[in-house]
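Position 162 (the sequence shown) corresponds to 470 in my numbering; numbering is contiguous.
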Amino acid sequence: MVAGDQSDPVDCLILGAGPGGYVAALRAAQLGRSVTVVEPRRVGGVCLNEGCIPSKYLARFAAAKAGAEKLAQAGMPGFSGPPDLAAFQQSREAAVGTLVRGVESLLKAAGVTVVAGEARFVGHTRVCVQTGDEMVRYFDFKDVVIATGSVAAVLAAVPFDGDRVVEPSRALEWPRLPTSLLVIGDDYVGLEIAVAYARLGSKVTIAAPGEGLLPDFDADIAAAALRGARAAGIDVLTGVEPLGVDGGGVSMKGKGDPVRVPAERVVVSAGRVPRLDALELPAAGQRRPTGALVVDSQLRLDRHVFAIGDATAGLHLAHRAMMQGRVVGEVLGGKATGLDSTAVPRAVFAEPEIACVGVTEAEAAAANTEVTIGRFPLVALGRAVIESGTAGFAKLIFAAGGGPLLGAHLAGPRSTELVAEMTLAVEMGATAEDLALTIHAHPTFAEAVMEAAEVSLGRPIHVRRPR
Ligand code: FAD
Numbered sequence: 309m310v311a312g313d314q315s316d317p318v319d320c321l322i323l324g325a326g327p328g329g330y331v332a333a334l335r336a337a338q339l340g341r342s343v344t345v346v347e348p349r350r351v352g353g354v355c356l357n358e359g360c361i362p363s364k365y366l367a368r369f370a371a372a373k374a375g376a377e378k379l380a381q382a383g384m385p386g387f388s389g390p391p392d393l394a395a396f397q398q399s400r401e402a403a404v405g406t407l408v409r410g411v412e413s414l415l416k417a418a419g420v421t422v423v424a425g426e427a428r429f430v431g432h433t434r435v436c437v438q439t440g441d442e443m444v445r446y447f448d449f450k451d452v453v454i455a456t457g458s459v460a461a462v463l464a465a466v467p468f469d470g471d472r473v474v475e476p477s478r479a480l481e482w483p484r485l486p487t488s489l490l491v492i493g494d495d496y497v498g499l500e501i502a503v504a505y506a507r508l509g510s511k512v513t514i515a516a517p518g519e520g521l522l523p524d525f526d527a528d529i530a531a532a533a534l535r536g537a538r539a540a541g542i543d544v545l546t547g548v549e550p551l552g553v554d555g556g557g558v559s560m561k562g563k564g565d566p567v568r569v570p571a572e573r574v575v576v577s578a579g580r581v582p583r584l585d586a587l588e589l590p591a592a593g594q595r596r597p598t599g600a601l602v603v604d605s606q607l608r609l610d611r612h613v614f615a616i617g618d619a620t621a622g623l624h625l626a627h628r629a630m631m632q633g634r635v636v637g638e639v640l641g642g643k644a645t646g647l648d649s650t651a652v653p654r655a656v657f658a659e660p661e662i663a664c665v666g667v668t669e670a671e672a673a674a675a676n677t678e679v680t681i682g683r684f685p686l687v688a689l690g691r692a693v694i695e696s697g698t699a700g701f702a703k704l705i706f707a708a709g710g711g712p713l714l715g716a717h718l719a720g721p722r723s724t725e726l727v728a729e730m731t732l733a734v735e736m737g738a739t740a741e742d743l744a745l746t747i748h749a750h751p752t753f754a755e756a757v758m759e760a761a762e763v764s765l766g767r768p769i770h771v772r773r774p775r
């Protein structure tokens, strides 16, 4: 059935129920707007269904094995036998299902209408939603939010085949451990997958196009990630580019002769591109950008057209999408608010754990900002010694002359939790004195940031004072 020209008038229409879209829907509904969300798949988007949650479920599973192996050296009996990935997948799906149902019930309780289908614009204030093979519905909106997310980028030399050569999300669904795995790419998503499978027992190779891993992170962090990957048993090839894939491996071009890396499975982690193709933006009077949508601080493209999350230019992170969702929900609810993206933390669940917020040392130098840096090695921290997690550090970058914290770069256990304190410190303009004079519980990893602040002030306690 085709519903012809009949259309339903709606107040706020949100396209996509990922972390950006569902948060926007909830906040706009809280503020009294009547909200309809269009979503062709399960609510929760990439984050809940095939990104953040499944990848951290895998990371935790693999880290438990690595942790048990460390404890075995201290007298605790270790795991025996290979990991059962089929059982793991069942428990992972149960966890994801719990979270998806949680979002569904929040949307229901908030009175948000969810329409199952894929949306495309057919006018400046009208979308068409494909709700079934031959079923469409039309909606006339007052305001619309584009929250359609992103898809994995494809490398022409190694196209996805859905089985052997896959995007990162598919690698989280394998019911059996690959004997050998090649990860092509240097970003955090590929690194997390590589570390997890190496810890579980696969022979893992990373093929990085540049000189190392995590090229957009602080150089000390990138170096720690490279050391950590190698310590986890991963063979990291740098400066290589894939030429093509055959039945049993991938050939690569590097500085010397081409090399062939044999691999049972291949993950291509080459970043993500905004999912805008199906939307037919010109019908809404919007230019289809070559890259991502560029919005203002109120997430606006046009008076009644907003965009958030991975569809917009910036870091592809769920917490950024969620914050944009909160802000756009408030704008839709009539509040005079805007987004400040100064302090967007980043967390990497690899070996070691990594987390950062604010500027890198290179960015500060490029901006001619005078800084004072405090760096504290975890080898001098009690908690790190207890947990055999001494391969890491806290590096804090302050504006010179007693100024505020501009950037924090953490490597080591629990960094992904500690970065919350650092994000708050950047947000609130905390200085080295503020951090150094805040009593941190002992023995904890959090003490590392207090110690790093003291180092920056030239009065370290647990490392020697530089002469
Ligand atoms: P999405 O989550 O992509 O949701 C968009 C939704 O829109 C989807 O549900 C889609 O079905 C729907 N949609 C698409 N087209 C249409 C249409 N035409 N009409 C209606 N609906 C449509 N981020 C982190 O912060 N931390 C992590 O640890 C992390 N790990 C990741 C691991 C992996 C393997 C991957 C792939 C990503 C990871 N990310 C992580 C990134 C994170 O998942 C994304 O940044 C986040 O999901 C973006 O949210 P979003 O709402 O913009 O889009």
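Glycine residues also receive a C-beta, built at the ideal position from the N, C-alpha and C atoms.
Whole-angstrom Cβ separation of residue i and residue j, contact assumed at under 8 Å?
i: glycine 682; j: alanine 760; result: 4 Å
i: valine 453; j: glycine 329; result: 7 Å
i: phenylalanine 387; j: alanine 376; result: 5 Å
i: leucine 607; j: valine 576; result: Contact doesn't hold; Cβ gap of about 31 Å is too wide.
i: glutamate 669; j: isoleucine 705; result: 6 Å
i: proline 712; j: alanine 738; result: 6 Å
i: arginine 434; j: aspartate 448; result: 5 Å
i: leucine 714; j: phenylalanine 753; result: So it is not a contact: roughly 22 Å between Cβ atoms.
i: alanine 619; j: valine 727; result: Wrong, their Cβ atoms sit about 25 Å apart, outside the cutoff.
i: alanine 586; j: valine 603; result: At roughly 20 Å, the Cβ-Cβ gap does not stay under 8 Å, so alanine 586 and valine 603 are not in contact.
i: leucine 508; j: alanine 370; result: 5 Å
Thinking C-alpha only, which one of the options is nearest residue i?
i: glycine 431; options: Asn676, Gln606, Ala592 and Met631; result: Ala592
i: arginine 445; options: Val420, Val343, Gly711 and Arg428; result: Arg428
i: glutamate 347; options: Thr439, Thr546 and Thr731; result: Thr439
i: cysteine 664; options: Arg611, Thr731, Gln632 and Leu640; result: Thr731
i: arginine 368; options: Pro327, Val763, Asp451 and Leu480; result: Leu480
i: alanine 382; options: Glu725, Ile694, Arg595 and Val757; result: Ile694
i: leucine 743; options: Ala754, Met758 and Val734; result: Met758
i: serine 510; options: Gly405, Met736 and Pro390; result: Pro390
i: alanine 418; options: Ala756, Glu762 and Ala337; result: Ala337
i: lysine 561; options: Gly555, Pro570, Pro483 and Leu551; result: Leu551
i: alanine 699; options: Arg722, Ala707 and Thr680; result: Arg722
i: alanine 402; options: Pro362, Leu414, Gly425 and Val422; result: Pro362
i: glycine 541; options: Glu659, Val422, Gln398 and Val687; result: Glu659
i: serine 399; options: Ala424, Ser458, Pro483 and Val491; result: Pro483
i: alanine 461; options: Glu661, Arg580, Gly633 and Ala455; result: Arg580
i: phenylalanine 396; options: Gln594, Ala372 and Val422; result: Ala372
Reducing DSSP to helix, strand and coil, say where residue i ends up.
i: aspartate 554; result: strand
i: proline 259; result: Residue 259 lies beyond the range of the chain shown here (309 to 775); nothing can be said about it.
i: isoleucine 694; result: helix
i: leucine 393; result: helix
i: proline 467; result: coil
i: alanine 658; result: coil
i: methionine 309; result: Low local confidence applies: a pLDDT of 42 at methionine 309 is under 50, so the model's placement there is unreliable, with the coordinate-based value given in what follows. Reduced to three states, the DSSP call for methionine 309 is coil.
i: threonine 746; result: coil
i: arginine 580; result: strand
i: arginine 596; result: coil
i: valine 473; result: strand
i: serine 458; result: strand
i: leucine 765; result: coil
i: leucine 689; result: coil
i: alanine 756; result: helix
i: glycine 700; result: coil
i: leucine 587; result: helix
i: leucine 607; result: coil
i: valine 602; result: coil
i: valine 797; result: With the chain covering 309 to 775 only, the question about residue 797 has no answer from this structure.
i: glycine 737; result: coil
May I ask you to check if the CB of residue i is nearer than 7 Å to at least one heavy atom of the ligand MG?
i: leucine 607; result: Among the ligands in the structure shown, the ligand MG does not appear; only the ligand FAD can be found there.
(message) With three or more C-beta pairs closer than 8 Å as the rule, is the region 520-540 touching the region 495-508?
(response) The region 495-508, when compared against the region 520-540, does touch it at the 8 Å Cβ threshold.
(message) Which complete beta strand (DSSP E) runs does the region 311-378 hold, if anything under 3 residues is left out?
(response) For the region 311-378, whole beta strand (DSSP E) runs of length 3 or above, ordered along the chain, are 343-347.
(request) Decide yes or no for the touch test of the region 481-496 against the region 667-686: beta carbon pairs closer than 8 Å, at least 3 of them. (result) No, the region 481-496 does not touch the region 667-686.
(message) Pairs of beta-carbons, one from the region 315-325 and one from the region 336-353, closer than 8 Å: are there three or more?
(response) Cβ pair count under 8 Å is three or more, so yes.
(message) My parser needs the alpha helix (DSSP H) runs of 4 or more residues fully inside the region 711-735; what are they?
(response) Entirely contained in the region 711-735, not one alpha helix (DSSP H) run reaches 4 residues.
(message) Just to confirm the assignment: which complete beta strand (DSSP E) runs, minimum length 3, are found wholly within the region 411-449?
(response) Taken in chain order, the unbroken stretches of beta strand (DSSP E) that lie wholly in the region 411-449 and span 3 residues or more are 421-424, 426-431 and 434-440.
(request) Scan the region 494-577 and note each continuous beta strand (DSSP E) run of 3 residues or more that stays entirely inside, going in chain order. (result) Contiguous beta strand (DSSP E) elements confined to the region 494-577 occur at 511-515, 543-545, 549-554, 557-561, 567-570 and 573-576, taking only those with 3 or more residues.
(message) I'd like the ranges of any beta strand (DSSP E) spanning at least 3 consecutive residues and lying wholly in the region 621-655.
(response) Qualifying beta strand (DSSP E) stretches: none in this window.
(request) Kindly confirm or deny that the region 632-651 and the region 514-526 touch, where touching means at least three C-beta pairs closer than 8 Å. (result) Because the criterion of three Cβ pairs below 8 Å is not met, the region 632-651 and the region 514-526 do not touch.
(request) Determine contact between the region 459-476 and the region 565-583, defined as no fewer than three beta-carbon pairs at a distance below 8 Å. (result) Yes, they touch.
(message) Three Cβ pairs or more, each shorter than 8 Å: is that satisfied between the region 462-469 and the region 627-639?
(response) Contact fails: fewer than three Cβ-Cβ distances are below 8 Å.
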